[in-house]
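Visitor:
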Amino acid sequence: GNYVTEKCNTNCGNPSQRWYHVPRSFLNNDKNTLVLFEEIGGNPQNVSFQTVTTGTICALVHEGALLELSCQGGQVISQIQFASFGNPKGKCGSFEQGSWEATDSRSVVEAACIGKSSCGFAVTKEAFGVAGADNGPTRLAVQATC
1 GNYVTEKCNT NCGNPSQRWY HVPRSFLNND KNTLVLFEEI GGNPQNVSFQ TVTTGTICAL
61 VHEGALLELS CQGGQVISQI QFASFGNPKG KCGSFEQGSW EATDSRSVVE AACIGKSSCG
121 FAVTKEAFGV AGADNGPTRL AVQATC
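Following UniProt numbering, the numbering of the sequence shown begins with 1 at its first residue and continues without gaps.
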C-alpha cells in the first residue's frame with residue numbers, strides 16, 4: 001500500500017533490506033536493467049552487484065556426452081555429495097537414485113575429480129563398469145563441493 005509516516009514504527013528512514021539475491025537465471029547474457037523503488041529517497045549509485053560462488057556445482061549428463069565440472073576462484077573439488085550413473089531423478093540440490101544405478105558411480109567420479117579445480121570424462125557404460133547393461137536411457141547426475 002501507500003507509504004505514510006504513521007506506518008513507520010521501527011528503523012524509520014533506513015533500508016528495509018540490505019542484501020538482495022538476484023538468481024543468475026533472471027539475468028540475460030547481455031545487458032540487464034535493474035529497477036529500484038525507493039519511497040523515502042536514496043542513492044542508486046550505492047547499489048553494487050557481487051557474483052557469489054555458493055560452493056556447490058552440479059551436472060546432469062546423458063550417456064555419450066562429456067561430463068565437465070569446474071570450480072572458480074582457485075577452489076578445488078573437495079567432495080562428491082551425489083553421483084549416480086543410471087536413471088537418477090531430481091535436480092541440483094535434490095538428486096535421487098532412480099530404479100537402478102552403477103554401483104561404482106561415486107567412486108568413478110571421485111577418482112576423476114577430487115582435488116582438481118576441473119575435471120571431465122566421457123559418460124559411457126564402460127566408464128562405470130556396466131558395459132553390457134541395457135536398462136534404457138542412462139545419464140549421470142553429479143553434485144559436488146568446491
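For every residue, glycine included, the Cβ atom is placed at its ideal position computed from N, Cα and C. Just so you know, these numbers come straight off a predicted model, no measurement behind them.
1. If I measure Cβ to Cβ from L66 and keep anything under 8 Å in the same chain, skipping five residues before and after, which residues do I get?
2. Terminal residues of the continuous alpha helix (DSSP H) containing A112?
3. Using the Cβ count rule (16 or more neighbours within 10 Å means buried), how would you classify E64?
4. In three-state DSSP terms, what is S117?
5. Any contact between the stretch 84 to 93 and the stretch 22 to 38? By contact I mean 3 or more CB pairs, one from each, below 8 Å.
6. Can you check which of these residues, G132, N32, E126 and G55, is closest to C146 by C-alpha distance?
7. Using a 10 Å radius around the Cβ and a threshold of 16 neighbouring Cβ atoms, would you call A131 buried or exposed?
8. First and last residue of the beta strand (DSSP E) that includes T33?
Guide: A quick look at the data gives this:
1. Once the five neighbours on either side are set aside, the close Cβ partners of L66 are G120, F121, A122 and V123.
2. First-last of the alpha helix (DSSP H) with A112: S105 to C113.
3. According to the sequence as given, residue 64 is Gly; it is not Glu. Residue burial is scored here from C-beta neighbours: G64 has fewer than 16 other C-beta atoms within 10 angstroms and is therefore classed as exposed.
4. For S117, the secondary structure class from DSSP, reduced to helix, strand or coil, is coil.
5. By the C-beta criterion, the stretch 84 to 93 is judged not to be in contact with the stretch 22 to 38, since fewer than 3 inter-stretch pairs fall below 8 Å.
6. In terms of CA proximity to C146, G55 leads the group G132, N32, E126 and G55.
7. When all chains shown are included, A131 counts as exposed.
8. Looking at the DSSP string, T33 is not in any beta strand (DSSP E), and its letter there is neither H nor E.
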